[in-house]
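Step one of this worksheet: look at the structure below.
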Amino acid sequence: MYRAIVALVFMFVGQLAAAGMPDVSFPSIDGGQIHMSDWDGQPVLVVNTASQCAFTGQYAELQALYDAYRADGLIVLAVPSDDFRQELDSAEEVKEFCEMNFGLDMPMTDIMQVKGADAHPLYQTVKDITGFVPKWNFSKILFAPDGEVIATWGSRTPPMSAPIRRAVTDALTRQ
């Protein structure tokens, strides 16, 4: 009986890992939709962001990380959120702020909830699978090319830190 349960667990986990990117979409800050499934086969770093936070300077490092690894296939997705009451009032203001102050050209969603009962389905799925919930702005989730969550970091881990660059490099070799 024990072996059958273990076999089922491994089969289920294997199916999750082989399932590809989560089949969710976000409204894009540019209009239209961002579909995570469009990035099957590529690593994706998802970061909940805010424009009026002590960590807002991390936008510069997020862009630097994206610039350093985008040719290799890395996607960095910024998810503005007002869950911690530090975001501007509208998506238009967020977009203008990020372009003017940080020259961002990475994909960015509209303002989303990332925690609680109304969290975006991606964040709900990550919570259900890993237990990870952003505790503050600029929390990071790295998805492997097959959609598996391979690492999470809190706000205090800068995007260009050695642990994140190492995990991104490892994820890129899994393509």
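Numbering (mature numbering (1 follows the signal peptide of the UniProt record, and there is no 0)), first residue to last: -18 to -1, 1 to 157.
From the three backbone atoms N, C-alpha and C, an ideal C-beta is built for every residue, glycine too.
Going by C-alpha distance, which of the options is nearest residue i?
i      : options                           : result
Pro9   : Arg138, Pro145, Pro103 and Lys122 : Pro103
Ser121 : Gln106, Val29 and Gly13           : Val29
Gln95  : Glu75, Met18 and Lys117           : Lys117
Val6   : Thr151, Ala149, Ala101 and Val150 : Ala101
Cys80  : Pro140, Ile11 and Asp65           : Ile11
Where does residue i land, buried or exposed, given buried means 16+ other C-beta within 10 angstroms?
i        : result
Gln40    : buried
Met82    : exposed
Gln15    : exposed
Lys97    : buried
Val(-10) : Per-residue confidence for Val(-10) stands at a pLDDT of 36, beneath the threshold of 50, marking its modelled position as unreliable; no derived number is given.
Glu78    : exposed
Pro145   : exposed
Ala53    : exposed
Gly(-5)  : Only weak support exists for where Gly(-5) lies, its pLDDT of 41 falling under 50; the coordinates are left without a value.
With which residues is residue i paired in a DSSP beta bridge?
i      : result
Asn30  : Val61
His17  : Ser7
Ala133 : Leu124
Could you pull out every residue in the same chain whose Cβ sits closer than 7 Å to the Cβ of residue i, ignoring the five residues on either side in sequence?
i      : result
Gly23  : Pro127 and Gln157
Lys109 : Val115
Gln45  : Phe84, Gly85, Leu86 and Met88
Ala153 : Pro25, Leu124, Ala126, Pro127 and Ile132
Below 6 Å CB to CB, which residues in the same chain sit around residue i once its five sequence neighbours on both sides are set aside?
i     : result
Gln34 : Gln68
Phe37 : Asn119, Phe120 and Ser137
Check the C-beta distance from residue i over to residue j and give it rounded, since I have them as a contact under 8 Å.
i      : j      : result
Ile93  : Val76  : 7 Å
Thr112 : Pro4   : Not quite, the Cβ-Cβ distance comes to about 12 Å (not below 8 Å), so this is no contact.
Leu27  : Val150 : 7 Å
Ala60  : Met90  : 4 Å
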